[in-house]
Amino acid sequence: MTVTLLVPSVLRVDSGGVGRLDVELGAQSSLGDLFDAVAQTHPRLERRIRDEQRRIRRYVNVYVDGEESRSLDGGATRLRDGAEVHVIPSVAGG
Amino acid sequence: MDTVFAIGTRKGLFLARSTDRLHWDLSGPHLAMNEVYAVGIDTRHSPPRLLVGASSSHFGPSVSTSDDLGESWQEPDTAPIAFPEDTGASLARVWQLAPGRVDTPGELYAGTEPSALFRSTDGGKSFELVRGLWDHPHREQWEPGGGGQAIHTVLPHPTDPRRIVVAMSTGGVYRTEDGGETWQPSNIGIAAHFMPDNQYPEYGQCVHKVAWHPDAPDLFFAQNHHGVYRSEDGGRNWQSIADGLPTDFGFAMVAHPRRPGVIYTFPIEADARRFPPDLRARVYRSEDAGRTWTGFDKGLPTAPFYSAVMRDAMCCDNADPAGVYFGTRSGEVYASADEGETWQQVAAHLPDVLSVRAAVVA
C-alpha cells in the first residue's frame, strides 16, 4: 500500500526539497513502520521527527488522516492504503 | 593575525572575525533557531574545524561541523550522537565538544544531557557511548542542576588516552585512568553547601565548570555552586582559592592557553542573587593559581549591570598575548586582546550567549 507523508516547509531541506513523500509499505503497516521506512530513505528527516528511541519528539505533531497520532495509538496507529500523514511543528518557543 | 570567535546563543551561532582582535566582523545566525550549548574550534585541522552542538526545541539535537570557517556546514545523515536502544535514553542536548589528543586528530569527545560521555574517532561524524561512565553505579543518584543533568566539562589528557576528567552539575567531578572503563569520583575538598548533613560527600557536588592547562595536566581549577577550588594532583584533592574574590559563586572558569596557574572567572553575588557583585561587570584574573585575584572592568559596562556569564560563555584564544572573551545572558559579547586587562564590545543585542570559543586561524 502507499501512504503519503506531508512534510512541513521547515523540514524540506531534509526531504530532498519535496513536501510530499509517497512511501510504499506492507499491508497492516503502522505509523512507526512508516517512519522506519523514512529512516531508510531520508534518515535526517526521520530523526527530526523521532528521537533515537523511535518516540515522536515532544514538539512535533503527527496527524493521521486528520487525527493527532497521540490521541490514536501513537506509533502503533494502523495506516490505511492512501492514508495521509501530516507532520506539523507544534506552537512552542519564544 | 586572523582570529575566529564562535558565539553560541539560544537562537543560533554567530561568528566574529578580526585581524587585530579590536575590530570584529560579525556573521550569523548560522544554524538559526538552534540552541548552541556547545561550540568547539579544533585547531588540529587547517583551517580549524568548527564544531557545533545545536539543538532545536522542535526537531532535536545534532552536531554540525564546518571546515571553511562557517561558509558551509556539514551534518551527517545519521545522528552523530545517539543513545543505544538498550539504554532507553534519548539525547536532549550536547553540552561540550572537546578535541582529543593532538596527535590523534579524529579523536573528539562530547558531554551530553542526560549525563553521558561519547567518543568519536572520525572527527565528529559519529560517536560511541562510553559505557563505563553510563553504567556507573552513582548515575542513578546524579541530579539535574538548574540547567539540566549534563556532562558540561570534558578534559581529555593531552597525551595519555587513559586519562579523562569530566564534571557535571549535580554529580561532581569524575576521572578515569583506564580510558573510560572505570571512573572514580574526584571531589575531596569540594563542598556541597546544599546538603543537610555531610557537606563533603564523595559525589553529588554542583560543580559548574572545571578548567586546566594542557601543559600542566595535574593542575585543575573549578568554579562551584559556591566555592572556587584548585587541585594540584589531577583532581584527587581540592583546596579553596576563593579568598580574594568578591564572592565564591559563579559559572565560568577559564585557564590561560600557555601560562599554567593563570585563570579567569566572572563572579556572581550568590545562588539566591544572581547578579554581579555590586552590580559591576568585572572579570577576575589570578596569575598565581588562585592565591590572589585582580578584577578588571576597563571597557566593560558601568554599574548597574544585571546580567551574568554562563559556564561555557567565557574562553581564551591561543594567541600571544592571549585573548579573553565572554558573552552574557543579555546578548552582549566582549573581547580582550591583552590577557583580560581591557575590553572591547564585539556585539550586542544577540540572543542570550551560551557558549564561546576563539582561536587563531592563521
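Chains as they are written, first to last, in the working numbering: chain Y, -5 to 88; chain B, -3 to 358. We treat Cβ as the ideally placed atom computed from N, Cα and C, and that holds for glycine. Keep in mind that this is a model prediction, so the values were computed, not measured.
So for Val90(B), helix, strand or coil by DSSP? strand
Provide the residue(s) that pair with His209(B) in DSSP beta bridges, ordered along the chain. Ala212(B)
Considering only residues of the same chain and omitting the five flanking positions on each side of Glu139(B), which have a CB-CB separation below 6 Å? Correct list, in chain order: Thr166.
Residue burial classification, Ser42(B) (beta-carbon count within 10 angstroms, cutoff 16): exposed
Short CB-CB distance (under 8 Å) between Val54(Y) and chain B: yes
Please report the residue range of the alpha helix (DSSP H) in which Thr35(Y) lies. Leu25 to Thr35
Along the chain, where does the alpha helix (DSSP H) containing Arg13(B) start, and where does it finish? Taken as a continuous stretch (DSSP letters only), Arg13(B) belongs to no alpha helix (DSSP H), being part of the beta strand (DSSP E) at Gly8 to Ser14.
Just how far apart, CA to CA, sit Met29(B) and Val150(B)? 26 Å
Would you kindly work out how many angstroms separate the C-alpha atoms of Ala77(Y) and Thr(-4)(Y), rounded to a whole number? Note on geometry: alpha-carbon atoms of Ala77(Y) and Thr(-4)(Y) lie some 8 Å from one another.
Under 7 Å, CB to CB, which of the residues in the region 326 to 357 of chain B have a partner in chain Y? none
Using 10 angstroms around the beta-carbon of Tyr196(B), count the other beta-carbons present and answer buried if the total reaches 16, otherwise exposed. exposed
CB-CB under 8 Å to Arg38(Y), same chain, minus the five flanking residues each way: which ones, in chain order? Asp8
Who are the Cβ neighbours of Ser58(B) in its own chain at under 7 Å, not counting the five residues just before and after it? Ala50, Glu71, Ala75 and Pro76
Taking the CB atoms as reference points, tell me whether Ala31(Y) and Tyr53(Y) lie closer together than 8 Å. no
Segments of 3+ residues assigned as beta strand (DSSP E) that fall wholly inside the region 77 to 137 of chain B: Those beta strand (DSSP E) runs which fall completely within the region 77 to 137 of chain B and span 3+ residues are 89 to 95, 104 to 109 and 112 to 116.
For the region 178 to 245 of chain B, list the beta strand (DSSP E) runs that are entirely contained and at least 3 residues long, ordered along the chain. 203 to 209, 212 to 220 and 224 to 227
Check whether the Cβ atoms of Val203(B) and Gly176(B) lie closer than 8 Å to each other. no
For a test of the three-state rule: what should DSSP assign to Ala6(Y), helix, strand or coil? Looking at the sequence itself, residue 6(Y) is Arg, so the reference to Ala does not match. Residue state, collapsed to three classes: helix.
Pick from Val48(B), Phe10(B), Ser86(B) and Ala277(B) that is closest to Phe301(B), judged by C-alpha positions: Ala277(B)
Which residues in the same chain have their Cβ closer than 8 Å to the Cβ of Lys7(B), if we skip the five residues on either side of it in sequence? Pro25, Ala28, Met29, Asn30, Glu31 and Pro347
According to DSSP, Tyr170(B) sits in a beta bridge with which residue or residues? Val162(B) and Pro181(B)
Taking the alpha-carbon of Ala12(B) as reference, which of Glu335(B), Glu337(B) and Ala331(B) has the nearest alpha-carbon? Ala331(B)
Is it buried or exposed for Arg235(B), if we count other Cβ within 10 angstroms and need 16 for buried? Per the sequence presented here, residue 235(B) reads as Gln, with Arg not at that position. The residue in question, Gln235(B), is exposed, as its Cβ has fewer than 16 Cβ neighbours within 10 Å.
Using only the alpha-carbon positions, how far apart do Arg51(Y) and Thr324(B) sit? Distance between the alpha carbons of Arg51(Y) and Thr324(B) is about 30 Å.
Can you confirm whether Leu93(B), when its beta carbon is compared against all beta carbons of chain Y, has any partner nearer than 8 Å? no
One or two residues paired with Glu61(Y) in a DSSP bridge: Beta-bridge pairing links Glu61(Y) to Val58(Y).
If you follow the beta strand (DSSP E) that Tyr292(B) is in, where does it begin and where does it stop? At residue 292(B) the sequence reads Phe, which differs from the Tyr that was named. Counting along the chain, the beta strand (DSSP E) containing Phe292(B) begins and ends at Thr290 to Phe292.
Contact the region 338 to 357 of chain B vs the region 303 to 319 of chain B: 3+ CB pairs below 8 Å: yes
Does any CB atom of chain B fall closer than 8 Å to the CB of Arg6(Y)? no
Does Ile82(Y) pass the burial test, meaning 16 or more other C-beta atoms within 10 Å, or should it be called exposed? Exposure of Ile82(Y) is indicated by the presence of fewer than 16 other C-beta atoms within 10 angstroms of its C-beta.
Quick one: what does DSSP say Arg281(B) is sitting in, helix, strand or coil? The answer is strand: DSSP assigns Arg281(B) an E or B state.
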